[in-house]
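Student:
In structure tokens, the structure reads:
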């Protein structure tokens, strides 16, 4: 019980004092939500939205470490490349989803189980 | 608590709450539009991390490009006749367990490892100059490869999304 009390006291001091770990925990929550969306959604576009959430979580981590870990901009350059690849990925994935819709008349990922008609 | 902390919690709340709507909303349109607020909240977090150029890029590319693409996808892949754009969920319980384990592990790891991280040094006034120099010197090869990747993605997406009559007639 005492150990818990000291832990809780430390936590209450830590909570309003924003540091690196706060950004990392926000990104962890965003990452977990993205994984949940990817796993549970049946609509292909909502699965893509989950992927975007995961990529944003990774970007927050990169930029937070770039800011707090020595003030060089390597993390920010990596984040730029992540954004570039996310844009390319979204365009390609939506083109594929549109093709799937033309062929199967649905984008429910459970029902798209054949590779060839 | 200073202004920085208050603003951080404001943006963090916007980000996480709208991400919850994205993941849990049954209505696809609501999910797509709350993704907008998630991206804006993340851009605010970038500003707090002194990444001004990346915040602007986030708003331009994610909100202006990717989100509009998503909305086009939603509109084009649902029969507009039945207006209810609903969608179901699968694997809810295993996913909840997985996400609780993964997210809890990450959050605990981050809290215990980086709890007492030192205060950051004061950053430069603007990051654009240094980012541009880095892209043109140390990161020149990835920069060029990224431009080629974008061109290939552009052509590939246009070719893939186009309705080819020959394929349909076969």
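Protein chains in written order, with the working numbering: chain W, 2 to 118; chain R, -13 to 156.
The C-beta atom is built at its ideal place from N, Cα and C for all residues, glycine as well.
1. What does residue 47/R touch in chain W if you count any residue whose Cβ is under 9 Å from its own?
2. Quick one, are the C-beta atoms of residue 46/W and residue 24/R less than 8 Å apart?
3. Hey, does residue 52/W have any beta-carbon neighbour from chain R nearer than 8 Å?
4. Using the three-state DSSP reduction, which class does residue 148/R fall into: helix, strand or coil?
5. Between residue 6/W and chain R, is any beta-carbon pair separated by less than 8 Å?
6. Hey, is residue 10/W's beta-carbon within less than 8 Å of any beta-carbon in chain R?
7. Since residue 125/R meets chain W, which of its residues come closer than 7 Å, beta carbon to beta carbon?
8. Looking at chain R, is there any beta carbon in it that lies within less than 8 Å of the beta carbon of residue 105/W?
9. Only counting runs of 3 or more residues, tell me where the beta strand (DSSP E) segments fall wholly within the segment 44 to 82 of chain W, in order along the chain.
10. Please decide whether residue 13/W counts as near chain R, where near means a Cβ-Cβ distance under 8 Å.
11. In whole angstroms, give me the CA-to-CA distance for residue 87/R and residue -7/R.
12. DSSP on residue 99/R, reduced to helix/strand/coil?
13. Would you say the beta carbon of residue -11/R is closer than 7 Å to some non-hydrogen atom of the ligand ADP?
14. Applying the criterion that 16 or more other CB atoms from any shown protein chain within 10 Å of the CB defines a buried residue, is residue 98/R buried or exposed?
15. Give a yes or no on whether the minimum CB-CB distance between residue 1/W and chain R is below 8 Å.
16. With three or more beta-carbon pairs closer than 8 Å as the criterion, would you say the segment 49 to 61 of chain W touches the segment 1 to 10 of chain R?
Tutor: Let's see:
1. The residue you call residue 47/R lines up with position 61 of the second chain. The answer, in chain order, is 84, 85, 87 and 88.
2. Walking along the first chain from the start, residue 46/W turns up at place 45. Walking along the second chain from the start, residue 24/R turns up at place 38. Not closer than 8 Å, so no.
3. In the first chain, the residue the question calls residue 52/W occupies position 51. By this cut-off, residue 52/W is not an interface position.
4. As a working mapping, residue 148/R is identified with position 162 in the second chain. DSSP places residue 148/R in the coil class of the three-state scheme, outside both helix and strand.
5. Here residue 6/W refers to the residue found at position 5 when the first chain is read from its first residue. Any Cβ of chain R closer than 8 Å to the Cβ of residue 6/W would place that residue at the interface, and such an atom is absent.
6. In the first chain, the residue the question calls residue 10/W occupies position 9. Closer than 8 Å: no.
7. Here residue 125/R corresponds to residue number 139 of the second chain, with the count starting at 1. At a beta-carbon threshold of 7 Å, the residues of chain W lying near residue 125/R are 78, ordered along the chain.
8. Counting from one through the first chain, the residue named residue 105/W turns up at place 104. Closer than 8 Å: no.
9. Segments of the beta strand (DSSP E) lying fully in the segment 44 to 82 of chain W: there are none.
10. As a position in the first chain, residue 13/W is number 12, starting the count at 1. No, its Cβ sits nowhere closer than 8 Å to a Cβ of chain R.
11. Locating residue 87/R in the second chain gives position 101, counting from the first residue. Locating residue -7/R in the second chain gives position 7, counting from the first residue. Whole-angstrom Cα-Cα distance: 29 Å.
12. In the second chain, residue 99/R corresponds to position 113, counting from 1. Residue 99/R carries a helical assignment under DSSP once its states are collapsed to helix, strand and coil.
13. No copy of the ligand ADP appears in this structure; indeed no ligand is present at all.
14. The count along the second chain starts at 1 and reaches residue 98/R at position 112. Residue 98/R counts as exposed, since fewer than 16 other C-beta atoms from the protein chains shown sit within 10 angstroms of its C-beta.
15. Lying outside 2 to 118, the shown extent of chain W, residue 1/W is not represented and no answer is given.
16. Touching, per the Cβ criterion.
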